[in-house]
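Scroll down for the structure; my scribbles are underneath it.
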Amino acid sequence: MSARASVTLKIATSMDGRIALANGTSQWITNSQSRARSHQMRAEHDAVLVGIGTVLADDPLLTARIVPLPERQPVRIVADSRLRTPVTSRLVQSASAGRVVLAHAASNTSSASVLRDVDHWAVGDGNGRVAPAELVRRARAEGIDSIFLEGGGTLAASFLREGLVDRICWFRAPIIIGGDGIAAIGPLALETMANTSRWTLAERELISGDSLEIWEPLKD
Numbered sequence: 464m465s466a467r468a469s470v471t472l473k474i475a476t477s478m479d480g481r482i483a484l485a486n487g488t489s490q491w492i493t494n495s496q497s498r499a500r501s502h503q504m505r506a507e508h509d510a511v512l513v514g515i516g517t518v519l520a521d522d523p524l525l526t527a528r529i530v531p532l533p534e535r536q537p538v539r540i541v542a543d544s545r546l547r548t549p550v551t552s553r554l555v556q557s558a559s560a561g562r563v564v565l566a567h568a569a570s571n572t573s574s575a576s577v578l579r580d581v582d583h584w585a586v587g588d589g590n591g592r593v594a595p596a597e598l599v600r601r602a603r604a605e606g607i608d609s610i611f612l613e614g615g616g617t618l619a620a621s622f623l624r625e626g627l628v629d630r631i632c633w634f635r636a637p638i639i640i641g642g643d644g645i646a647a648i649g650p651l652a653l654e655t656m657a658n659t660s661r662w663t664l665a666e667r668e669l670i671s672g673d674s675l676e677i678w679e680p681l682k683d
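In my numbering, the protein residues as written are 464 to 683.
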């Protein structure tokens, strides 16, 4: 049995790897069929994970909205180092209907008294940030075997830097946004090509004009 939950990174971008326009507009890059497929993928995982930036920008619900609805919704996890998730967010307001977890690094958890239906995981790295390795270990200890990581770019980069991504599901729309758009993956601080991670294309399909690529780490 693995000591950590497996991680699938889902990315939805333009052809040139952008998740939004420079002004933050992102709805909708991919088509409705791709979005429906993404919801099916959510339902196939034990948990959905996003960063606090996604919560503040989009106020997502993070449920798997498929027909019929799944018997059990995935656990919804927010990497929220300083516990900034608003009490008024749709996640918090729907917590009584499905488990919500705030994975944080803050020592002050005063929000616990306000967010009564929300779980708090202290998984900090000692420098005020959420530690991805600690988060996936805690998830496994909580009975979560698989995580569907949906962004944003900073969180995706942190998991990639630590080699914690087991699969990438990359949706691409047939549009070009340009270099001023927001990148799908944040900085990785690489200095040599030898330090890049290598991936192999396991599957590719067309979804009404969009494409879906399934990538897996290249085995040595």
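Quick reminder that beta carbons are idealized off the backbone N, C-alpha and C, glycines included. Everything numeric in this text was worked out from a predicted model, so none of it was measured.
By the neighbour-count criterion, in which a residue is buried when 16 or more other Cβ atoms sit within 10 angstroms of its Cβ, R635 is buried.
For the stretch 532-556, the full-length beta strand (DSSP E) segments reaching 3 residues or more read 538-542 along the chain.
Selection W633, W662, D509 and R562 evaluated against I670 yields W633 as nearest (Cα-Cα).
About 17 Å separates the beta carbon of R500 from that of L664, a gap too long to meet the 8 Å contact definition. A contact between stretches requires three or more CB pairs, one per stretch, nearer than 8 Å, and the stretch 610-625 meets this requirement with the stretch 640-659.
Taking C-beta atoms under 8 Å as the contact rule, I610 and V518 fail to qualify, at a distance of about 16 Å. R603 places its beta carbon less than 9 Å from that of A468. In the DSSP assignment, D521 falls within the alpha helix (DSSP H) that extends over I515 to D521. Residue burial is scored here from C-beta neighbours: K473 has at least 16 other C-beta atoms within 10 angstroms and is therefore classed as buried. With contacts defined as CB atoms closer than 9 Å, V586 and A566 qualify as a contacting pair. Going by C-alpha positions, L681 is about 43 Å away from R579.
Per DSSP, the unbroken beta strand (DSSP E) holding A475 starts and ends at S469 to T476.
Non-local C-beta neighbours of D543 in its own chain, meaning closer than 6 Å and more than five positions away in sequence, comprise I515, L565 and H567, ordered along the chain. Each of N658, D629 and G641 was checked against the Cα of I677, and the nearest Cα belongs to D629.
Following the DSSP letters along the chain, one finds L669 in no alpha helix (DSSP H) but inside the beta strand (DSSP E) bounded by residues W662 to I670. Considering only A647, S495 and H502, the residue with the shortest C-alpha distance to P537 is H502.
For R630, no alpha helix (DSSP H) segment is defined; the enclosing uninterrupted segment is the beta strand (DSSP E) at R630 to R635. Between E613 and L525, the CB-CB gap stays under 9 Å.
Annotation: the continuous beta strand (DSSP E) that includes S609 extends over S609 to L612.
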